[in-house]
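Chemist: So for the sequence shown, the working numbering puts the first residue at 33; every next one is plus one.
Even for Gly, the Cβ is constructed at its ideal location relative to N, Cα and C.
Predicted model only: the values in this text are computed from it and were never measured.
Following this message is one structure expressed as structure tokens.
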Amino acid sequence: MISAAPIPLHQLDLIGRIQAIALLAFLGGSAVIGGALLFQHVGGLEPCELCLLERWPYYIGCPVLGVAIFARSRSLLVSIFSIGSLLFLGSVGLALYHVGVEQHWVAGPTACTSTPTAAISIEALRIQLMQTEMVRCDDVQWSLFGISLAGWNAIASLFLTALGLIGLLASWRLGRAEAASQHNSM
């Protein structure tokens with residue numbers, strides 16, 4: 033009967049650290065997206081098109097990082113942290129772009145400044161425009177310490193990117209530890 037060799041203690045310690053990093057990233061990302069949804073559904077802050085776009089890295093990244101909490105395979109951990117780091121780095125870019133739009137440094141997307149119309153006359157167009165409440169990407173709806181929600185998202189995404197990179201480096205170290213353990217057992 034062939035049995036699998038037990039995982040050495042130093043590898044278990046490293047796996048525990050990696051899982052703690054994954055848990056911290058998962059909880060942090062979940063808190064950010066949960067906060068955004070609370071601001072919208074409880075606080076009444078309607079998101080603009082960029083705000084909605086900025087949520088996608090969280091919708092994808094949080095479940096992916098959730099898998100890393102339970103993963104023990106080096107290759108799976110490297111893949112997960114690579115994906116997570118790239119997603120949240122993209123989120124940093126989106127959030128910084130949104131900050132640029134809010135500060136009028138760059139032009140915002142047309143979705144944030146106009147809506148398509150099906151009006152068949154000037155009067156119908158005027159009525160439709162008067163009844164439409166548009167959420168503009170270049171208006172700061174809420175800020176704390178002079179930093180808008182897009183700015184806070186950039187900070188949070190940068191933190192999550194850093195956690196992803198730390199998890200990625202730790203996963204690579206796990207591979208070196210596994211190789212050293214196999215070499216020592218020969």
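Less than 7 Å between the beta carbons of residue 58 and residue 108, yes or no?
Modeler: No.
Chemist: Keeping to the same chain, check which residues put their C-beta closer than 7 Å to that of residue 122; ignore five residues upstream and five downstream.
Modeler: Within the same chain, residue 122 has close Cβ partners 89.
Chemist: Can you say whether residue 203 is buried or exposed, counting buried as having 16 or more other CB atoms within 10 angstroms of its CB?
Modeler: Buried.
Chemist: Tell me whether residue 105 is buried or exposed, calling it buried when 16 or more other Cβ atoms sit within 10 Å of its Cβ.
Modeler: Result: exposed.
Chemist: The alpha helix (DSSP H) spanning residue 141 covers which residue range?
Modeler: Taken as a continuous stretch (DSSP letters only), residue 141 belongs to no alpha helix (DSSP H), as it is neither H nor E.
Chemist: Helix or strand or just coil, what does DSSP make of residue 92?
Modeler: Three-state DSSP puts residue 92 in a helix.
Chemist: Considering Cα atoms alone, identify which of 82, 177, 140, 50 is closest to residue 229.
Modeler: With the chain covering only 33 through 218, there is no way to say anything about residue 229.
Chemist: Can you name the start and end residues of the alpha helix (DSSP H) that residue 107 belongs to?
Modeler: Element bounds for residue 107: 106-134.
Chemist: Mapping the DSSP letters down to three states, classify residue 77 as helix, strand or coil.
Modeler: It is coil, neither helix nor strand.
Chemist: Please list, in chain order, all residues of the same chain as residue 185 whose beta carbon is under 6 Å from its beta carbon, the five residues on each side excluded.
Modeler: Excluding sequence neighbours, residue 185 sits near 86, 127.
Chemist: Does any C-beta atom of chain C lie closer than 7 Å to the C-beta of residue 135?
Modeler: Here there is only one protein chain, and chain C is not present.
Chemist: Tell me, please, which residues DSSP counts as bridged to residue 180.
Modeler: Answer is 175, bridged to residue 180.
Chemist: Helix, strand or coil: which one does DSSP assign to residue 102?
Modeler: Residue 102: coil per DSSP, three-state reduction.
Chemist: Would you report the Cα separation of residue 173 and residue 78, rounded to the nearest angstrom?
Modeler: C-alpha separation (whole angstroms): 9 Å.
Chemist: To the nearest angstrom, how far is it from the Cα of residue 178 to the Cα of residue 159?
Modeler: For residue 178 and residue 159, the distance between alpha carbons rounds to 36 Å.
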